[in-house]
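Okay, structure first, notes after.
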Amino acid sequence: QAWRIFPHFRNHSAYLDIETTAAYGFEQQITAITIYDGNKISCFVDGENLEDFEEAISRYKVLVTYNGKSFDAPIIEKHFRIKLPRAHIDLRYVLNHLGYSGGLKSCEKQLGMDRGLLEGVDGSFAIFLWEEFQRTGDRKALETLLAYNVADTVNLESLLIKAYNLNIEKTPFVQGQFIKDTIQPPSPYSPDPETVKKIKNDYFYR
5 QAWRIFPHFR NHSAYLDIET TAAYGFEQQI TAITIYDGNK ISCFVDGENL EDFEEAISRY
65 KVLVTYNGKS FDAPIIEKHF RIKLPRAHID LRYVLNHLGY SGGLKSCEKQ LGMDRGLLEG
125 VDGSFAIFLW EEFQRTGDRK ALETLLAYNV ADTVNLESLL IKAYNLNIEK TPFVQGQFIK
185 DTIQPPSPYS PDPETVKKIK NDYFYR
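Residues 5 to 210 (the numbering used here) are what the sequence shown spells out, left to right.
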């Protein structure tokens, strides 16, 4: 029922997603974090400005993630030795309750959302993008990783609005309280098609 707090704390919510050096179940180091608050996109990168995340997240009262209770939040709290806001809308559970499952990208597709140039890029791909950046220093690999991280984060707002409205539909006595979807802001980063192709060839097809 955490979705119910959304309209009351919308201006105090942080949509959040992290990228790490390893898949779920292995020792993970944070490579990038994106925060989106409905207006501003902020990215934090290991080795560049990751330490600024702690101050940035302290401005918000509610977290919105996908699978963040199991993945993002514990990793962040361990890394920074902080406690994140207790109010946490994890869309994995909200959407699962509505019948949508299979991961973030699957839920997006089921709800009619398109990834564009990032179609087919997933968490494993993001790990390889970071490895490529670390190995070669190629900023295009980092930019593609951040474009993916931003998309993961910004899309959470549309998913939450869709989930909220679907839940409202099932609650007749509160009709008229639907929330209008927003126009997503332009991403500060763009995926590089050649880099995506290179990662596929070097890491997936070898």
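Glycine residues also receive a C-beta, built at the ideal position from the N, C-alpha and C atoms. For clarity, every value in this text was computed on a predicted model and none was experimentally measured.
What did DSSP end up calling Ile61 once you bin it into helix, strand or coil?
Walking along the sequence shown from the start, residue 61 turns up at place 57. Three-state result, Ile61: helix.
I believe Val154 touches Ser128 by the beta-carbon criterion, under 8 Å. Please report the beta-carbon distance rounded to the nearest angstrom.
On the sequence shown, position 150 is the one that residue 154 refers to. On the sequence shown, position 124 is the one that residue 128 refers to. No, Val154 and Ser128 are not in contact; Cβ-Cβ is about 18 Å, not under 8 Å.
Extent of the continuous beta strand (DSSP E) run through His16
Translated into the one-based positions of the sequence shown, residue 16 becomes position 12. His16 -> no beta strand (DSSP E), and no H or E assigned at all.
Gly195 burial status per 10 Å Cβ neighbour count (16 or more: buried):
For the purposes of this step, residue 195 is taken as the residue at position 191 of the sequence shown. It is worth fixing the name first, because residue 195 is Pro in this sequence and not Gly. By the 10 Å Cβ count, Pro195 comes out buried.
How big is the Cα-Cα spacing for Leu146 and Asp21?
In the sequence shown, the residue the question calls residue 146 occupies position 142. In the sequence shown, the residue the question calls residue 21 occupies position 17. Cα to Cα, Leu146 sits roughly 16 Å from Asp21.
Leaving out five residues on either side along the sequence, give the residues of the same chain with a beta carbon under 7 Å from the beta carbon of Tyr207.
Numbered from 1 along the sequence shown, position 203 holds the residue referred to as residue 207. For Tyr207, where only same-chain residues beyond five positions count, the Cβ hits under 7 Å are Phe132.
Can you tell me which of the three DSSP states Glu23 falls into?
As a working note, residue 23 is residue 19 in the sequence shown. Glu23: strand per DSSP, three-state reduction.
Per DSSP, which one or two residues make a beta bridge with Val66?
Here residue 66 corresponds to residue number 62 of the sequence shown, with the count starting at 1. BP columns for Val66 point to Ser17 and Ala91.
Can you list, in chain order, the residues of its chain whose CB lies under 8 Å from that of Lys65, leaving out five sequence neighbours each side?
As a first step, residue 65 is located in the sequence shown; it is residue number 61 there, counting from the start. Cβ neighbours of Lys65 beyond the five flanking positions: Phe13, His16, Ser17, Pro89 and Ala91.
Rounded separation between Leu108 and Gln188 - CA only:
Here residue 108 is taken as the residue at index 104 of the sequence shown, counted from 1. Here residue 188 is taken as the residue at index 184 of the sequence shown, counted from 1. Whole-angstrom Cα-Cα distance: 17 Å.
So, helix, strand or coil for Ser162, using DSSP?
Here residue 162 refers to the residue found at position 158 when the sequence shown is read from its first residue. If DSSP states are grouped into helix, strand and coil, Ser162 belongs with the helices.
For Gln32, which residues from the same chain have a beta carbon less than 7 Å from its beta carbon, with the 5 sequence-adjacent residues on both sides left out?
The count along the sequence shown starts at 1 and reaches residue 32 at position 28. Excluding sequence neighbours, Gln32 sits near Thr24, Thr25, Ala26 and Ile79.
Whose CA, out of Val68, Cys47 and Leu149, lies closest to the CA of Leu121?
Numbered from its first residue, the sequence shown carries residue 121 at position 117. Nearest of Val68, Cys47 and Leu149 to Leu121, Cα basis: Leu149.
Would you decide whether Arg96 is buried or exposed? Buried here means 16 or more other CB atoms lie within 10 Å of its CB.
In the sequence shown, counting from the first residue as 1, residue 96 sits at position 92. Classification for Arg96: buried.
Quick one, are the C-beta atoms of Asp94 and Lys73 less than 8 Å apart?
Translated into positions along the sequence shown, residue 94 becomes position 90. Translated into positions along the sequence shown, residue 73 becomes position 69. In this structure, Lys73 lies closer than 8 Å to Asp94 by Cβ.
Chain-order list of residues whose beta-carbon lies under 6 Å from that of Cys47 (same chain, five-residue window excluded)
For the purposes of this step, residue 47 is identified with residue 43 of the sequence shown, where counting begins at 1. Thr38 and Leu150.
With DSSP run on the structure shown, which of helix, strand or coil describes Tyr40?
Locating residue 40 in the sequence shown gives position 36, where the first residue counts as 1. Note: Tyr40 maps to strand in three-state DSSP.
Quick check: the Cα distance between Tyr152 and Val125, rounded to an integer number of angstroms?
Here residue 152 refers to the residue found at position 148 of the sequence shown. Here residue 125 refers to the residue found at position 121 of the sequence shown. Rounded to the nearest angstrom, the two C-alpha atoms are 8 Å apart.
Assumed close pair Val68, Leu170 - CB separation to whole angstroms, cut-off 8 Å
One-based indexing of the sequence shown puts residue 68 at position 64. One-based indexing of the sequence shown puts residue 170 at position 166. With 8 Å as the limit, Val68 and Leu170 do not qualify as a contact, their Cβ atoms being about 16 Å apart.
Inter-residue CB distance, Leu160 and Tyr70 (contact presumed, cutoff 8 Å)
Here residue 160 refers to the residue found at position 156 of the sequence shown. Here residue 70 refers to the residue found at position 66 of the sequence shown. Confirmed, Cβ separation roughly 6 Å.
Mapping the DSSP letters down to three states, classify Ser110 as helix, strand or coil.
If you number the sequence shown from 1, residue 110 lands on position 106. Residue state, collapsed to three classes: helix.
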